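Below you'll find the structure, written out as structure tokens, and then a few comments.
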């Protein structure tokens, strides 16, 4: 244990020294915690009396003071706690979460690893150290065994609650659509793991609600408990295999080098749109088409149709070619102006109706020069694209605020009541939008503003009672 603690400390310090200033602060903190756990492990293994000191126990437990009294009774608990923290932190530091650099993902991964270790390791320890070594020949023996099983059940319930909470939050971060659970390799492995965990939970519930009470009542149930615990252990082995598969697969919601990367599920097809650059001019457009786990190859035609929201630039079309199985690529300069563009993707397959959907892509000026398209607002079930005319409002000059309301199907929405309220450097009366599809175009709503004082304004748009969204507007002198 002393050697293990020294190795943990040395490994953490070597990585910190090697990376130096390049080491992200959040990773440095986690490495520091890992090194401290290794230091505690080495210290209490060399001098067991240190474990009798409540401050040491409290610090090693991450400030959880209730762990202190436990360590004062048996120093081995202190050692096991420090070793467990070091091992869990090591697993987290080499995980996908650390590679992403997200503190939230790293914390969730640490909780996930720690809780699953308590549950699975506790079940194995219960089987090997308690159940196989105990007897329930007498009522007193059965009650004693039942009390031990109950103490473990409380720890297991806390661990599984943390495990499920962390796992669900991680799934939200790593899956794009619910369909990813059966349409991507990562999702399938995750779904298998979830089913196995549910089976293990069912066995654990049976032990808790049936065999545990029988033992505490003095009734023999050790044999049945051993059988179910062995089955639970076997399931844990399969779960660990599924987890190892997950570490080798990239989650669907992984960071992309593309400026735009969105996924939609339409008519049984998974369509992922990638745009290489977020600027105007020549660009590369990629559409990945999958049906379940299988890439859709050999489409008769895959086309992209471009229309601009803010101005009438007409409609342009690019026809994509198949670069790889299920991956269709087109290059061109249809988005020549800064603003918000709708890209309608059309996939034509033999013997089927065309599959079409619309992606909304903002195109902005490089380096902050010129006007920049604001990201669309989500108000209720609608996507709202807001822009001003002129694009760079001047103090005291009249300006027009446009709001284009787009439905979930990508079509403009008409007949809505839009209301705008303003907060900024001075007072500005609320305004109601004017709609004139014949003049402005369908789904386009207009706010005429006499003039605003210089500074940053917040415009809150409301669509009836369906929702609100905030738009930031900078007025120059």
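Numbering (this note's numbering), first residue to last: 65 to 541.
Yeah, the Cβ is synthetic: ideal placement off N, Cα and C, and Gly gets one too.
All values derive from a computational prediction rather than experimental measurement.
Status (buried if at least 16 other CB within 10 Å, exposed otherwise) for residue 507: Reading the chain shown from its first residue, position 443 is the one you call residue 507. Buried, by the Cβ-count rule.
Determine which residues share a DSSP beta bridge with residue 483 and list them. Translated into the one-based positions of the chain shown, residue 483 becomes position 419. Answer is 496, 526, bridged to residue 483.
What is the rounded straight-line gap between the Cα of residue 479 and the Cα of residue 499? For the purposes of this step, residue 479 is identified with residue 415 of the chain shown, where counting begins at 1. For the purposes of this step, residue 499 is identified with residue 435 of the chain shown, where counting begins at 1. Each residue's alpha carbon lies about 8 Å from the other.
Can you tell me whether residue 402 is buried or exposed, with buried defined as 16 or more other CB within 10 angstroms of its CB? Locating residue 402 in the chain shown gives position 338, where the first residue counts as 1. By the 10 Å Cβ count, residue 402 comes out buried.
Taking 9 Å as the threshold (C-beta atoms), are residue 446 and residue 425 in contact? Along the chain shown, one-based indexing puts residue 425 at 361. Along the chain shown, one-based indexing puts residue 446 at 382. Not in contact: residue 425 and residue 446 (Cβ atoms no closer than 9 Å).
In this structure, what does DSSP give as the bridge partners for residue 354? For the purposes of this step, residue 354 is taken as the residue at position 290 of the chain shown. Note: residue 354 sits in a beta bridge opposite 334, 359.
To the nearest angstrom, report how far apart residue 257 and residue 171 are at their CA atoms. Working through the chain shown from its first residue, we reach residue 257 at position 193. Working through the chain shown from its first residue, we reach residue 171 at position 107. Roughly 21 Å separates the two Cα atoms.
Terminal residues of the alpha helix (DSSP H) in which residue 234 lies: Within the chain shown, residue 234 is the residue found at index 170, counting from 1. First-last of the alpha helix (DSSP H) with residue 234: 203-238.
Checking the sheet assignment: what are the DSSP bridge partners for residue 407? Position 343 of the chain shown, counted from the start, is the residue given in the question as residue 407. In the DSSP output, where bridge partners are listed per residue, residue 407 has 370, 423.
Is the segment 209-216 in contact with the segment 265-283, if contact means three or more CB pairs nearer than 8 Å? yes
Please classify residue 428 as buried or exposed, where buried requires at least 16 other C-beta atoms within 10 Å of its C-beta. Start at 1 with the first residue of the chain shown, and residue 428 comes out as number 364. Around the beta-carbon of residue 428, 16 or more other beta-carbon atoms lie within 10 Å, marking it buried.
Give the range of the alpha helix (DSSP H) segment to which residue 502 is assigned. Against the chain shown, residue 502 aligns to sequence position 438. Residues 501-504.
Where the alpha helix (DSSP H) through residue 86 begins and ends: Numbered from 1 along the chain shown, position 22 holds the residue referred to as residue 86. From DSSP, residue 86 is part of no alpha helix (DSSP H); its letter is neither H nor E.
Between residue 482 and residue 513, is the Cβ-Cβ spacing less than 9 Å? Counting from 1 along the chain shown, the entry for residue 482 is found at position 418. Counting from 1 along the chain shown, the entry for residue 513 is found at position 449. No, Cβ-Cβ distance for residue 482 and residue 513 is not below 9 Å.
Got a sec? Which residues, its chain only, sit under 8 Å from residue 431 by beta carbon, not counting five neighbours each side? Here residue 431 refers to the residue found at position 367 of the chain shown. Confidence is the limiting factor: at residue 431 the pLDDT is only 48, short of 50, which leaves the residue's position unreliable and the question unanswerable from this model.
Between the beta-carbon of residue 448 and the beta-carbon of residue 468, is there less than 9 Å? Taking the chain shown and counting its residues from 1, one reaches residue 448 at position 384. Taking the chain shown and counting its residues from 1, one reaches residue 468 at position 404. Yes. Within cutoff.
Quick check: what's the CA-CA separation for residue 249 versus residue 354? For the purposes of this step, residue 249 is taken as residue 185 along the chain shown, with counting starting at 1. For the purposes of this step, residue 354 is taken as residue 290 along the chain shown, with counting starting at 1. When rounded, the distance between both Cα atoms is 12 Å.
Reduced DSSP category for residue 276 - H, G, I as helix; E, B as strand; rest coil: Locating residue 276 in the chain shown gives position 212, where the first residue counts as 1. Note: residue 276 maps to helix in three-state DSSP.
What's the gap between the Cα of residue 393 and the Cα of residue 382? Locating residue 393 in the chain shown gives position 329, where the first residue counts as 1. Locating residue 382 in the chain shown gives position 318, where the first residue counts as 1. About 10 Å.
Let me check understanding here. Comparing Cα to Cα, which of 184, 214, 280 lies closest to residue 205? In the chain shown, the residue the question calls residue 205 occupies position 141. Checking every option, the nearest Cα to that of residue 205 belongs to 280.
Have a look at the DSSP bridge pairing and note the partners of residue 452. In the chain shown, the residue the question calls residue 452 occupies position 388. Beta-bridge pairing links residue 452 to 465.
Decide if residue 407 is buried, meaning its Cβ has at least 16 other Cβ atoms within 10 Å, or exposed. Residue 407 sits at position 343 when you count from the first residue of the chain shown. Buried, because 16 or more other Cβ atoms sit within 10 Å of the Cβ of residue 407.
Among 344, 176, 326, 466, which one has its Cα closest to the Cα of residue 232? Mapped onto the chain shown, residue 232 falls at position 168. Here the closest residue by C-alpha is 176.
Can you tell me where the beta strand (DSSP E) with residue 304 in it begins and where it stops? As a working mapping, residue 304 is identified with position 240 in the chain shown. Here residue 304 belongs to no beta strand (DSSP E); instead the alpha helix (DSSP H) covers 286-312.
Buried or exposed: where does residue 196 fall if 16 or more other Cβ atoms within 10 Å of its Cβ makes it buried? In the chain shown, residue 196 corresponds to position 132, counting from 1. Exposed is the call here.
Residue 251 versus residue 225: straight-line alpha-carbon distance, rounded: Here residue 251 refers to the residue found at position 187 when the chain shown is read from its first residue. Here residue 225 refers to the residue found at position 161 when the chain shown is read from its first residue. Their Cα atoms are separated by approximately 22 Å.
Report buried or exposed for residue 525, applying the criterion of at least 16 other Cβ atoms within 10 angstroms of its Cβ. One-based indexing of the chain shown puts residue 525 at position 461. So residue 525 ends up on the buried side.
Identify, in the order they occur along the chain, each residue of the same chain with its Cβ nearer than 8 Å to the Cβ of residue 302, setting aside the five sequence neighbours on each side. Along the chain shown, one-based indexing puts residue 302 at 238. For residue 302, where only same-chain residues beyond five positions count, the Cβ hits under 8 Å are 260.
Please report the residue range of the beta strand (DSSP E) in which residue 395 lies. Along the chain shown, read from residue 1 onward, the residue named residue 395 stands at position 331. Element bounds for residue 395: 391-396.
Looking only at its chain, what residues have a beta carbon closer than 8 Å to the beta carbon of residue 191, apart from the 5 residues adjacent to it on each side? In the chain shown, the residue the question calls residue 191 occupies position 127. Within the same chain, residue 191 has close Cβ partners 290, 293, 294, 297.
Going by the DSSP bridge assignment, what does residue 541 pair with across the sheet? Indexing the chain shown from 1 puts residue 541 at position 477. Answer is none; residue 541 lacks a bridge partner.
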